[in-house]
């Protein structure tokens, strides 16, 4: 039963990733594209966690944590660049 649930949720997250990719390409403004990229990070983390639950391995949880930190830093740096025009002060 858990396998079916993980599969259904993974399909839904893949659909969300495709819709986020569409928003990333077609976004009317740069802030929409940044938001789509940040949401893609979150969906990718969810997929990795689901795969870790499916495989029964804790290694995927560490990879998801690493991607979460990378996503936070890149979103903050990109937002700061758009706000000020320079990342490093």
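In this note's numbering, the protein residues as written are 6 to 94.
Don't be surprised by glycine CBs; every beta carbon is placed ideally from N, CA and C.
On a predicted model such as this, the values are computed, not experimentally measured, just so you know.
Check whether residue 26 and residue 45 have beta carbons under 9 Å apart: In the chain shown, counting from the first residue as 1, residue 26 sits at position 21. In the chain shown, counting from the first residue as 1, residue 45 sits at position 40. Cβ atoms of residue 26 and residue 45: closer than 9 Å.
Selection from 87, 93, 91 that minimises the alpha carbon distance to residue 39: Residue numbering aside, residue 39 sits at position 34 when the chain shown is read from its first letter. Closest in alpha carbon position to residue 39, among 87, 93, 91, is 87.
Contacting residues, own chain, Cβ-Cβ under 6 Å from residue 52 (five flanking each side not counted): Here residue 52 refers to the residue found at position 47 of the chain shown. Excluding positions up to five away in sequence, the list reads 18.
Exposure label - residue 50; buried when at least 16 CB within 10 Å: By one-based count along the chain shown, residue 50 stands at place 45. When all chains shown are included, residue 50 counts as buried.
Contact check, residue 29 vs residue 42, beta carbons under 9 Å: Looking up residue 29 in the chain shown gives position 24. Looking up residue 42 in the chain shown gives position 37. Cβ distance < 9 Å, so residue 29 and residue 42 count as in contact.
Identity of the residue in 48, 61, 78 nearest residue 22 by Cα: As a first step, residue 22 must be located in the chain shown, where it is residue number 17. Looking at the Cα atoms, 48 is the closest of the given residues.
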